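Listed in order, the protein sequences are those of chains Y and V. Counting from 1 along the first sequence, just add 12 to a position and that's the residue number in this note's numbering. Counting from 1 along the second sequence, just add 15 to a position and that's the residue number in this note's numbering. The beta carbon of each residue, even a glycine, is placed where N, CA and C say it ideally should be. All values derive from a computational prediction rather than experimental measurement. Here is the structure we will look at.
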Amino acid sequence: DTEVTQTPKHLVMGMTNKKSLKCEQHMGHRAMYWYKQKAKKPPELMFVYSYEKLSINESVPSRFSPECPNSSLLNLHLHALQPEDSALYLCASSQEENSPLHFGNGTRLTVT
Amino acid sequence: GQNIDQPTEMTATEGAIVQINCTYQTSGFNGLFWYQQHAGEAPTFLSYNVLDGLEEKGRFSSFLSRSKGYSYLLLKELQMKDSASYLCAVRDPTGGFKTIFGAGTRLFVKA
Numbered sequence: 013d014t015e016v017t018q019t020p021k022h023l024v025m026g027m028t029n030k031k032s033l034k035c036e037q038h039m040g041h042r043a044m045y046w047y048k049q050k051a052k053k054p055p056e057l058m059f060v061y062s063y064e065k066l067s068i069n070e071s072v073p074s075r076f077s078p079e080c081p082n083s084s085l086l087n088l089h090l091h092a093l094q095p096e097d098s099a100l101y102l103c104a105s106s107q108e109e110n111s112p113l114h115f116g117n118g119t120r121l122t123v124t
Numbered sequence: 016g017q018n019i020d021q022p023t024e025m026t027a028t029e030g031a032i033v034q035i036n037c038t039y040q041t042s043g044f045n046g047l048f049w050y051q052q053h054a055g056e057a058p059t060f061l062s063y064n065v066l067d068g069l070e071e072k073g074r075f076s077s078f079l080s081r082s083k084g085y086s087y088l089l090l091k092e093l094q095m096k097d098s099a100s101y102l103c104a105v106r107d108p109t110g111g112f113k114t115i116f117g118a119g120t121r122l123f124v125k126a
């Protein structure tokens, strides 16, 4: 199994909703990431978990709350989002610090 | 800080060779990656350079010159399916698990 799996593929939510994005990998990778990508822009790093501990938070607003329940799972909890938060949210994992990133197919989020 | 520059768009003909350049300015260096991203899809890893020189993998090759802060991705025998964005990315020199992406080069392959 060499995949990073993200659910759901698409999500539409109102500004008062609470939702969660889920990511799973079974490659034994030690690091997992959340990236945000707007159309025609590169991925922007949001959070990094290393050995299930949050190691990097790129000054992301608190309406985004990451969680790493175990070494294979990564969640992103969403609350009170704004329309400008609409984007493709990509989860990735890597074996080591200098290893390539393996991306999931992303969740396309629309905030109405 | 980090600065990664690459051309915004390129057009090439099927069967030809194209070179996509990337320059970076960082206080240190922990490796450079190239990713391919088709529209609406996730990026996929193409190549990794940490030492100077050329890395070849099938139709794709990547070159690195650390002294010049320069890399290129070479695509040979272009196919229509190679139409995609190509992202140059540098590992943050301060360590940690931070990969910084360039804005990407959109490659259009025409018949």
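For residue i, which of helix, strand or coil comes out of DSSP?
i        : result
V:MET95  : helix
V:LYS113 : coil
Y:ASP13  : Unreliable positioning characterises Y:ASP13 in this predicted model, as indicated by a pLDDT of 47, which lies under 50. A coordinate reading is not provided.
Y:LEU23  : strand
V:GLU29  : coil
Y:THR28  : coil
V:ARG106 : strand
Y:ARG120 : strand
Y:GLN18  : strand
My assumption, with CB atoms under 8 Å, is that residue i sits in contact with residue j. Please give the rounded CB distance.
i        : j        : result
Y:ASN69  : Y:SER32  : Incorrect: roughly 18 Å between the Cβ atoms, too far for contact.
V:THR120 : V:GLN21  : 5 Å
V:GLN34  : V:ALA99  : V:GLN34 to V:ALA99, Cβ: 15 Å. No contact.
V:THR28  : V:LYS96  : Going by Cβ atoms, the distance from V:THR28 to V:LYS96 rounds to 14 Å, so no, they are not a contact pair.
Y:GLY26  : Y:THR119 : Incorrect: roughly 16 Å between the Cβ atoms, too far for contact.
Y:TYR45  : Y:CYS103 : 7 Å
Y:LEU90  : Y:PHE76  : 6 Å
Report the partner residues of residue i according to the DSSP bridge assignment.
i        : result
V:ARG121 : V:GLU24 and V:SER100
V:ARG81  : Note: V:ARG81 sits in no beta bridge, so no partner.
V:PRO68  : Before going further, note that residue 68 of chain V is Gly rather than Pro in the sequence given. DSSP output for V:GLY68 lists V:LEU79 as bridge partner(s).
Beta carbon of residue i, beta carbon of residue j: below 8 Å?
i        : j        : result
V:TYR39  : V:ASN18  : yes
Y:TYR101 : Y:CYS80  : no
V:SER80  : V:GLU70  : no
Y:GLU36  : Y:SER84  : yes
Y:LEU66  : Y:PRO78  : yes
V:ALA31  : V:LEU88  : no
V:CYS103 : V:LEU47  : yes
V:ALA57  : Y:PHE115 : yes
Runs of beta strand (DSSP E) wholly within the segment 38-117 of chain Y (minimum 3 residues, chain order): Scanning the segment 38-117 of chain Y for uninterrupted beta strand (DSSP E) segments of 3 residues or longer gives 43-49, 56-62, 65-69, 76-82, 85-91 and 99-106, listed from N- to C-terminal end.
message: I'd like the ranges of any beta strand (DSSP E) spanning at least 3 consecutive residues and lying wholly in the segment 32-61 of chain V.
response: Within the segment 32-61 of chain V, the complete beta strand (DSSP E) runs of at least 3 residues are 33-40 and 47-52.
message: Taking beta-carbon pairs under 7 Å, can you tell me which members of the segment 33-55 of chain V lie near chain C?
response: Protein chains in the displayed structure are Y and V, and chain C is not among them.
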